[in-house]
Every structure is written in structure tokens, then in C-alpha cells.
Amino acid sequence: MKKILVLAALLLSFVFAKEIVITKYLEDKPKISLTFVGPPQVKKILDMDMQVLDHFNYSYDDKSPVRFEFHYDKTQRLLTVKYIKNGNVVKVKKYKSNSYAFFPFLVHKAVYDINEYFNLPSAKFLIRKVIYSILVAPKESSIYLSDYTLSYKRRLISGGLNIFPKWADEKQTEIYYTKLQRKADLYKYNIYTGQKEKILSSQGLLIVSDVKNGKILLTMAPDGQPDVYMFDTLSQDLRRITTYKGIDVNGKFWGDDKVVFVSDRYGVPYVFSKDLKTGNVQRVLYHGKNQVGVDTYDNYLTISSRETDDAFKPNTFNLFLINKEDDSLKRLTFGGQNMFPNFSVDGNSIMFIKRENFLSKIGIIRLNENKVFYYPLPKILQSFDW
Amino acid sequence: MKKTLLIGGLALAFFFAGCSKQPNLENAQEVNQTATTQAENAANAAESVNTENANVEAQTITVTQNNQEFAKKLASIVVYFDFDKYNIRKDQWPKVEKLAEIIKSNPSNYTVRIEGNCDEWGTEEYNYALGLKRANSVKNALIKLGVDPKKLTVISYGELNPVCTAHARWCWQKNRRDNFTYLP
């Protein structure tokens, strides 16, 4: 009996060790009040930022000692934010843009600055630009630039099949994308100057999956065989990472020593990791009927895993979070078809697509706050990066 | 005068292309489309001046007409696949054999592009790879049936070339396919 009890206790401790709390939830949110003068569209963005950020206990026109006065002048395309403490203006910040359409980025930056003012956890996701491609007609897709709410939209590249855009640098000045013509051509494109440069060309398939410290993980098929490759942008050295005869795609750097990728080597797609030093390959998550989407941030990994037998039934795909360091596992979603997870640049948020009744939504999981926010997606995205 | 008008037209086109877009998504698209149309008009106006190669064009059309029939035959064949699979189904083999005969019976210099396609399920990258494997399955089968490998090239369109866009099982089946295109 004692043995059984000890065994049960050991099992329980193991189960609890697997559950992780990433960081402590912000318990005492700063209480602030907001006032807003300007077009309702602009206020809508401010509301969304405050909700999704979830760092403040905020209200409008309240008599809180800390107040922020927002004023947007449409004719001058100028956003002014006054920081007021106990009735005194302690700071004034101004944000201006060349076009009215750019206002979502002004609001995002203003909210980001307020977050910084309180020294709260990073809110970089607010000011990150989102790049995505959309199918506009069969064999025709364009690449667009947007803010995280997808309110702002600027077409960057069109004509033919322009797919798989990926940010090339931390500062978000350049992107990689694939143009499918007779061959698959990989381009680097500067979003400010419009300059583009062909990087590589391959038969059949050529996709940038991940970018880190001047190295790119590619899915390539020079001989018709899709495998993961690593390309050094400085030395121009191209190295084949996987050699399986079937499908190996979607390579992502996982920490400094591993690459994860999706492979059908077990008959259906699952996520595997490969140790770059030893060459050892192993399955990452023993759960689900198949695993299709994967993304990494530092030692963390998120996977979209199908949990039912029939791919066509609803409530099938859920997202999981794994930490390489302690092998811990956390379920992030609890129903619906949750796919294409994509970490934010600070690792605090995951953007993903949720399909429900043939409609798509964008979901943002705020990992520190244990919350998820959804908003409608106007069209089905081919691919996105933020 | 013509030159001035042309430059004016181009300047207008660049002006509209450079204008800021409205935040409303549909408006943004309209602005872009207007700019494209104007740029295209300017380009068409420039092309219309060139009438010198009329004879050469006539010859090209004759050759194209011959190959049109070949292209039509190729386009009439569609090889379908099962969900998440890239092996050729037994019931699709006669189509592959017919395709091999068509290609072998046309001796002229050309390439046939085998285009792999997928349904909307799966991740985008995986779908591209799956489409490529589907194209390769047929390519390898054609080579075994005696087709010159130099005449074959493969490409994957993933889920970006659907023939059917309804969200239903019967529609997804139609999208899991290989198409065949003539490339001169």
C-alpha cells in the first residue's frame, strides 16, 4: 500500500512539474484614465490596444490621478498625448504621419510609450509591422504591409505568385519572399526603397522558414526532394540539414543547438528536432494525430496539434507550448481549429489563425497575462510574419 | 506633343501610385487598382506604336496553333490524389499512361510542366512540399514509361491554385491534383 502511495505521489509530482507558469500575471495593474478627442476610427484602435495589451486598469473620463489625454487632428495627421499627474501636465508627446491611413501605427506607438513610462513588461508587439501574402486570384498572390490589427494596409508586391514573406532583419526594413515563376526565386526586398535582390533560385520549391543572426532556414527542393537547408547570408554557404526521402519542411531555430521541422517520416506530419552537433533526430511532442504548424522563440516552441481522427470535423487543432530547458508542456487553446502559431519578437505573445464555421479569426495569446484575444480576419492569409 | 502627354500620363500614374491609402481595406485596393490601370494604359499606348514585326508574328501564331492542340490534350488530363497522400492511385494510372503516350508522340522541342496542387488543409509550407511530391510522383512514373526526363519540369502551387473554392469535402477532392502545362 505504502509503495502504491509513494508511486502515486511521485506520479503527481511529475504531472505538476510538467505544468509551468511562464511569468507571473500582472496582479496590480496601474489605474489610469483616458480622454480622447478625434475620429471614432482612431479611438477604436486605442481601445483595441488597451484591451489586447491588458497591462492597465483603465477607464475613460475618470478622475484618476494619472490621466492621458489623446487628441488626434485629422487635417494635420497629428496625435498629441498629454501625460497628466494630479492635474499637472508632466509630459507631452506628439506623433505625426504623412498620411491619414497610417494612424493605427501612431496610436500603437503612443500606447507602447505609455507602457514604457510605467516600466511594464515589453509591449513590442504593438509597434511591430505585420507582413502577409493573400491569394487574390488563382496563381496570383500579393504581399501587404500592415499593423497587428490589420487595419492599415499597403500593397508592396503584386503580379504573379508572391508568397511566404518573412522579415529579414530585426528593424523590419527588409523582407524575404518567394516568387514562383518557371522556377522558385527567393528575393530580398527593402520596404522603404523598393530595391530588391535575387538571393537564390531553385526548381519546384524555395521558402524562407526562419531567420536568425544572418542565417536562414530554407525549405528547398533542388532535385524535387523537399528538405530543410541552412543558408549563411555572409559566407553564402548552403548546408543541407535533413535528408529524409519524404517531406521535411518548416525549419525553425530552437535555442542555439537545435533545429525543429515538420516531417512525414512517421507517415503523417509531426514535429521533430535535430541536434546540429550530434545530428540526432527525435520527435518533440508525443501527442495528437498530426502536428502541422510550429514556431520557436529562444527555448520555447509552440505546436498546432490535431487531436481528433477526422481532419474534417470541427474542434480539431490546439496549440501547445513546450520549453526545451525543463521539457515542460502547456496547453494554450482548448477548442476550435487553431493553426499557424507565430511568436512575437519579444516572445510574450503568439499570433495565430483560428478557423470557425468557415470564417477565420486572428488570435493573439498574451502568454504572461494568460489571455487570448480574437478579431476577424477579412481574407484567408497565405502566410504572415510579425 | 505626344511625348508631353505620355510623360504627363506617366507622372499622373506615379502620383496616384504614390498617394496614401485609406485605412478602409476596400478603398486601399481601389486606389491601387486605379494606379495599375493607368500604368497599364500608358504601357499599352507605348506598345501600340510598334507594328514592324507583323510577318514574324504571323509565323509565331502558326506554330502556336499546332502546339495549342498539344497543350489542350495535356490540360485535359488531371491526376487526383487522396487526402495527405502523394502516391498515384490505381484508378489514376490509365491517365498517367495516356499522358506518357501524348508526350512521346510529340517529337518537337518543348517542356511539360507538372503542377502539383493541394486542398486548403495543412500548413502552407507542408502543402507546398506535398504538391511537389505529387508532381514528382507523376514525373517519376512518366520517366519509367519512357518519357525523356529533359522534357519534364515540376512546380508546386500548394493551395494557391484551387479549381474549387467551396469549403466542402467534394471540393477539396478536386483540388488535390496534378495539372500539366505545355511550355514552349
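The listed protein sequences correspond, in order, to chains A and B.
This note's numbering puts the first residue of the first sequence at 1, with every later residue one more than the last.
This note's numbering puts the first residue of the second sequence at 1001, with every later residue one more than the last.
Where is the CB? At the ideal position from N, CA and C, for every residue including glycine.
With 16 other Cβ atoms within 10 Å as the buried cut-off, status of residue i
{"i": "V89 of chain A", "result": "exposed"}
{"i": "C1118 of chain B", "result": "buried"}
{"i": "P226 of chain A", "result": "buried"}
{"i": "S1105 of chain B", "result": "exposed"}
{"i": "R1177 of chain B", "result": "buried"}
{"i": "Y286 of chain A", "result": "exposed"}
{"i": "Y192 of chain A", "result": "exposed"}
{"i": "K94 of chain A", "result": "exposed"}
{"i": "K1098 of chain B", "result": "exposed"}
{"i": "D426 of chain A", "result": "Nothing in the structure corresponds to residue 426 of chain A, since chain A is present only between 1 and 386."}
{"i": "A1075 of chain B", "result": "exposed"}
{"i": "E1026 of chain B", "result": "Its pLDDT being 32, under 50, E1026 of chain B is placed unreliably in this model, and the value from its coordinates should be taken loosely. When all chains shown are included, E1026 of chain B counts as exposed."}
{"i": "G1146 of chain B", "result": "exposed"}
{"i": "W1170 of chain B", "result": "exposed"}
{"i": "R306 of chain A", "result": "buried"}
{"i": "L359 of chain A", "result": "exposed"}
{"i": "T333 of chain A", "result": "buried"}
{"i": "V92 of chain A", "result": "exposed"}
{"i": "P1184 of chain B", "result": "exposed"}
{"i": "D210 of chain A", "result": "buried"}
{"i": "S263 of chain A", "result": "buried"}
{"i": "W1093 of chain B", "result": "exposed"}
{"i": "K1090 of chain B", "result": "exposed"}
{"i": "V1138 of chain B", "result": "buried"}
{"i": "N119 of chain A", "result": "exposed"}
{"i": "D326 of chain A", "result": "exposed"}
{"i": "S383 of chain A", "result": "buried"}
{"i": "P104 of chain A", "result": "buried"}
DSSP-derived helix/strand/coil call for residue i
{"i": "F68 of chain A", "result": "strand"}
{"i": "R1177 of chain B", "result": "strand"}
{"i": "L1142 of chain B", "result": "helix"}
{"i": "I1103 of chain B", "result": "helix"}
{"i": "K1095 of chain B", "result": "helix"}
{"i": "A215 of chain A", "result": "A small correction: the amino acid at residue 215 of chain A is Lys; Ala does not occupy that position in the sequence shown. It is a strand residue."}
{"i": "F397 of chain A", "result": "There is simply no residue 397 of chain A to check, as chain A begins at 1 and stops at 386 in what is shown."}
{"i": "P1149 of chain B", "result": "helix"}
{"i": "P39 of chain A", "result": "coil"}
{"i": "Y286 of chain A", "result": "coil"}
{"i": "E140 of chain A", "result": "strand"}
{"i": "R1169 of chain B", "result": "helix"}
{"i": "S122 of chain A", "result": "coil"}
{"i": "D61 of chain A", "result": "coil"}
{"i": "S1108 of chain B", "result": "coil"}
{"i": "V372 of chain A", "result": "strand"}
{"i": "E116 of chain A", "result": "helix"}
{"i": "R128 of chain A", "result": "coil"}
{"i": "D223 of chain A", "result": "coil"}
{"i": "Y1128 of chain B", "result": "helix"}
Own chain, CB closer than 7 Å to residue i, minus 5 neighbours either side, in chain order
{"i": "K1174 of chain B", "result": "V1163, C1164"}
{"i": "P376 of chain A", "result": "K361"}
{"i": "K139 of chain A", "result": "L161"}
{"i": "S59 of chain A", "result": "S33"}
Same chain only: Cβ atoms within 6 Å of residue i, ignoring 5 sequence neighbours per side
{"i": "M62 of chain A", "result": "Correcting the residue type first, residue 62 of chain A is Asp in the shown sequence and not Met. So the qualifying residues of the chain are S33."}
{"i": "Q172 of chain A", "result": "K129"}
{"i": "I157 of chain A", "result": "I143"}
{"i": "A1045 of chain B", "result": "Below a pLDDT of 50, predicted positions are generally treated as unreliable, and A1045 of chain B, at 28, falls in that range; the measurement from the model is reported next regardless. Closer than 6 Å at the Cβ level, and outside the excluded window around A1045 of chain B, lies no residue."}
{"i": "M339 of chain A", "result": "G293, S304, F317, I353"}
{"i": "N1140 of chain B", "result": "none"}
{"i": "P1149 of chain B", "result": "I1143"}
Same chain only: Cβ atoms within 8 Å of residue i, ignoring 5 sequence neighbours per side
{"i": "Q282 of chain A", "result": "F272, S273"}
{"i": "K215 of chain A", "result": "M230, F231, D232, T233, F253"}
{"i": "E170 of chain A", "result": "V345"}
{"i": "K31 of chain A", "result": "F56, N57, Y58, S64, V66"}
{"i": "N98 of chain A", "result": "R77"}
Inset, instruction - Count the C-beta pairs between the segment 202 to 209 of chain A and the segment 166 to 179 of chain A that are closer than 8 Å, then say yes if the count reaches three, no if not. - result: Proximity of the segment 202 to 209 of chain A to the segment 166 to 179 of chain A meets the contact definition, three or more beta-carbon pairs being nearer than 8 Å.
Legend entry - the segment 44 to 57 of chain A touching the segment 106 to 123 of chain A, judged by at least three CB pairs closer than 8 Å: Counting Cβ pairs under 8 Å, three or more are found: they touch.
Inset, instruction - Flag this pair as touching only if the segment 283 to 303 of chain A and the segment 1147 to 1161 of chain B have three or more C-beta atom pairs under 8 Å; answer yes or no. - result: With a cut-off of 8 Å, the segment 1147 to 1161 of chain B and the segment 283 to 303 of chain A do not count as touching, because too few Cβ pairs lie within range.
Inset, instruction - Mind the definition here: the segment 1081 to 1091 of chain B touches the segment 1120 to 1138 of chain B only if three or more C-beta pairs lie below 8 Å; say whether that holds. - result: At 8 Å Cβ cutoff, the stretches touch.
Legend entry - Length-filtered (3 minimum) beta strand (DSSP E) runs lying within the segment 180 to 212 of chain A: The DSSP assignment places 184 to 190, 196 to 202, 206 to 212 as complete runs of the beta strand (DSSP E) inside the segment 180 to 212 of chain A, in order along the chain (cut-off: 3 residues).
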